[in-house]
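In what follows, a structure is listed as structure tokens, so that the remarks can point back to it.
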Amino acid sequence: MNAPREYTPLTRRAHGIAGRYRLYLGADHLLHVHEEHIAERYQRFYFRDIQAIHVHHTLTREVFSGLNVFALILSAFVLTFLALADTPVVLWVIASVITLGWLVSLIINNSRGKTCACFIQTAVGTEQLRAVNRLRTAERVISRIQPLIEATQPAMNRDDLLRLVAEAPSLHPPPVQETVPTPTLVPPPMPVPATVKHCRGRAHIALAVLLALDVVVSLVDITWPMTHDIRTMYAMLTLFAAIGLSIGALIAQANSDLPQLAKTLTWANVGFLVLALLASVALQFTPYKSEERVSQLCFDTYSVVVQTGLCYGFWQALRRWR
Amino acid sequence: MIAALPTCRHCKAVLPPVQYNMPTPLPCPQCGRASRVLVFPALVQPPPPVPRLTAVTGNGDAGCFYHPAKQATMVCDGCGRFLCALCDVELGSEHLCPPCLEAGRRKRTLTRLETRRVLYDNVAMALAVLPILTCFLFPITSPAAIGMAIWGWRKPGSLLPRTKARFVIAIIIGVLGIGAGIAYWTAIIRS
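Line by line, the protein sequences give chains Y and L. Residue numbering for the first sequence follows the working numbering, starting at 1 and increasing by one per position. Residue numbering for the second sequence follows the working numbering, starting at 1 and increasing by one per position.
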């Protein structure tokens with residue numbers, strides 16, 4: 001007969017820069033394990049000593065998703081170029097694997113839910129549980145350990161607990177920190193920006209119209225190819241107009257009441273312009289000069305996809321505005 | 001006594017008690033970032049009282065082994081000696097005397113006191129596998145991997161359930177590495 005297991009895993013392994021982390025449930029404590037490849041470090045939190053657990057939402061998932069999408073678009077662009085150009089198959093296979101990797105990473109990152117930072121507080125100090133980095137995991141862990149903690153500590157309802165907490169700081173004031181305001185029962189009012197100006201979003205609308213126009217011209221170019229000179233001239237004019245309108249939109253939206261989506265899309269458009277410029281420069285140095293038409297086709301296709309998305313976003317953000 | 005009130009991770013502002021023990025996350029009043037705070041009675045509990053030492057009255061009272069004039073209140077779970085409140089060290093559900101505690105720490109029999117353990121199986125695996133990148137290190141690292149696997153076999157490993165598979169794999173790779181090295185040098189000498 002097998003001996004009962006001393007520790008039950010509460011979370012999966014979370015990967016960090018300094019190693020891997022995992023949280024285990026013991027008989028009367030939590031065990032936080034930090035695996036450092038050739039050694040393990042242990043932190044024990046006894047249920048009777050746990051004073052508080054805080055779970056703070058973080059933007060890690062959104063940041064990684066943004067980077068993932070950027071890398072995915074870039075690698076898909078390269079992949080399409082390699083597929084249509086006369087390049088060795090091995091390069092296409094490598095690019096496919098990389099693109100697939102980014103796609104899988106994006107799907108996994110989003111399917112695991114929102115990210116968070118979880119802290120556990122005892123009389124000794126506050127420690128971060130790096131093994132708990134997703135909101136769903138945090139909820140599951142809390143629902144599992146909360147009854148165990150409450151069972152080892154004196155029973156107290158929420159009102160009594162809050163009353164004691166509210167009374168305690170006046171008797172035992174916490175160490176004063178420079179940026180920490182005095183705790184009060186009534187939350188202080190939300191900080192209001194000094195000057196919030198009204199923005200009608202004209203520059204944004206003009207930018208959206210320009211993007212829509214460019215989508216139409218790109219579709220025409222894909223169907224009936226333009227001559228090199230006309231295309232170059234049109235591209236230069238569009239680029240300068242887009243840069244000018246983007247700068248105008250960024251100035252207009254600063255400290256304004258414009259919807260956050262419109263502001264974000266303006267920055268996304270700036271990112272797209274930078275990406276398009278980099279791609280144009282890269283295409284100038286490509287060794288496959290004979291494939292200029294193919295590369296132009298790829299570029300037009302991705303421009304159409306991204307610009308359509310931006311146009312739709314601007315329309316959604318500004319249709320009920322003004 | 002409250003050591004510190006929970007603070008927002010982003011702006012370091014103290015989170016107001018109205019946010020405590022709510023079923024859903026609430027925004028920080030300073031920065032607006034959502035957070036959920038659960039507090040437990042230990043936050044407001046007074047510190048445990050200082051143990052009182054009482055003298056032996058002589059009416060069948062047992063005295064402490066280390067302080068015979070003081071009344072014993074506990075029996076050491078390690079050596080069975082009577083202990084007064086001063087000598088009793090509570091470790092989880094166990095009560096130990098200071099010498100047993102020190103012996104347990106030194107001999108590593110009290111796992112609850114350990115904060116770090118070396119994973120000898122991972123060391124052996126690293127010695128066996130990593131030199132694949134630089135083949136000329138194999139003559140040194142392959143025997144070292146086997147030696148580490150044998151030396152660390154009976155050493156206390158992880159506190160968590162773990163098999164000996166890594167030791168076995170390290171030994172196999174080490175033996176293969178030595179065999180390949182011998183074959184290579186034999187071929188060179190013969191040619």
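Backbone N, C-alpha and C define an ideal beta-carbon position, used for all residues, glycine too. Since we're looking at a predicted model, the values are computed, not measured.
Apart from the five residues just before and just after residue i, which ones in its own chain have a Cβ nearer than 6 Å to its Cβ?
i, result
"residue 174 of chain L", "128, 142, 145 and 146"
"residue 313 of chain Y", "265"
"residue 303 of chain Y", "218"
Return helix, strand or coil for residue i, following the three-state DSSP convention.
i, result
"residue 7 of chain Y", "coil"
"residue 126 of chain Y", "strand"
"residue 28 of chain L", "coil"
"residue 19 of chain L", "helix"
"residue 93 of chain L", "coil"
"residue 307 of chain Y", "helix"
"residue 51 of chain Y", "coil"
"residue 260 of chain Y", "helix"
"residue 158 of chain L", "coil"
"residue 125 of chain L", "helix"
"residue 37 of chain L", "strand"
"residue 296 of chain Y", "helix"
"residue 164 of chain L", "coil"
"residue 206 of chain Y", "helix"
"residue 35 of chain Y", "strand"
"residue 29 of chain Y", "strand"
"residue 100 of chain L", "helix"
"residue 301 of chain Y", "helix"
"residue 108 of chain Y", "helix"
"residue 114 of chain L", "coil"
Have a look at residue i and residue j and give me their C-alpha separation to the nearest angstrom.
i, j, result
"residue 111 of chain Y", "residue 85 of chain L", "54 Å"
"residue 43 of chain Y", "residue 115 of chain L", "7 Å"
"residue 20 of chain Y", "residue 129 of chain Y", "12 Å"
"residue 120 of chain L", "residue 300 of chain Y", "57 Å"
"residue 68 of chain L", "residue 166 of chain Y", "46 Å"
"residue 307 of chain Y", "residue 84 of chain Y", "22 Å"
"residue 20 of chain L", "residue 261 of chain Y", "32 Å"
"residue 270 of chain Y", "residue 152 of chain Y", "56 Å"
"residue 311 of chain Y", "residue 212 of chain Y", "6 Å"
"residue 202 of chain Y", "residue 244 of chain Y", "13 Å"
"residue 241 of chain Y", "residue 139 of chain Y", "49 Å"
"residue 160 of chain Y", "residue 75 of chain Y", "58 Å"
"residue 61 of chain Y", "residue 115 of chain Y", "6 Å"
"residue 16 of chain L", "residue 168 of chain Y", "13 Å"
"residue 168 of chain L", "residue 13 of chain Y", "24 Å"
"residue 120 of chain Y", "residue 6 of chain L", "10 Å"
"residue 91 of chain Y", "residue 253 of chain Y", "43 Å"
"residue 42 of chain L", "residue 133 of chain Y", "25 Å"
"residue 209 of chain Y", "residue 279 of chain Y", "23 Å"
"residue 27 of chain Y", "residue 126 of chain Y", "22 Å"
"residue 237 of chain Y", "residue 309 of chain Y", "22 Å"
Would you call residue i buried or exposed, if buried means 16 or more other Cβ atoms sit within 10 Å of its Cβ?
i, result
"residue 29 of chain Y", "buried"
"residue 204 of chain Y", "buried"
"residue 155 of chain L", "exposed"
"residue 66 of chain Y", "exposed"
"residue 188 of chain L", "exposed"
"residue 35 of chain L", "buried"
"residue 107 of chain L", "exposed"
"residue 184 of chain L", "exposed"
"residue 197 of chain Y", "exposed"
"residue 22 of chain L", "exposed"
"residue 194 of chain L", "No information on residue 194 of chain L is available, as it lies outside the stretch 1 to 191 that chain L covers here."
"residue 122 of chain L", "buried"
"residue 137 of chain Y", "buried"
"residue 215 of chain Y", "buried"
"residue 49 of chain L", "exposed"
"residue 88 of chain L", "buried"
"residue 51 of chain Y", "buried"
"residue 257 of chain Y", "exposed"
"residue 247 of chain Y", "exposed"
"residue 131 of chain L", "buried"
"residue 40 of chain Y", "buried"
"residue 102 of chain Y", "buried"
"residue 14 of chain L", "buried"
Given residue i, which residues of its chain have a CB within under 7 Å of its CB, disregarding the five upstream and five downstream residues?
i, result
"residue 250 of chain Y", "266"
"residue 31 of chain Y", "7, 24, 42 and 44"
Please go through the same chain and pick out, in chain order, the residues whose beta-carbon is closer than 8 Å to the beta-carbon of residue i, but skip the five residues on each side of it.
i, result
"residue 83 of chain L", "64, 65, 66, 72, 73, 74, 75, 76, 95 and 97"
"residue 18 of chain Y", "34 and 36"
"residue 38 of chain L", "20 and 21"
Looking at residue i and the ligand FMN, is the gap between the Cβ and the nearest heavy atom below 7 Å?
i, result
"residue 146 of chain Y", "The ligand FMN is not among the ligands present in this structure, which contains no ligands whatsoever."
*Does the stretch 140-148 of chain Y come close enough to the stretch 94-112 of chain Y that 3 or more CB-CB pairs lie under 8 Å?*
no
*So, do the stretch 3-11 of chain L and the stretch 32-50 of chain L have three or more beta carbon pairs nearer to each other than 8 Å?*
yes
*At least three beta-carbon pairs within less than 8 Å, the stretch 69-86 of chain Y to the stretch 95-103 of chain Y*: The stretch 69-86 of chain Y, when compared against the stretch 95-103 of chain Y, does touch it at the 8 Å Cβ threshold.
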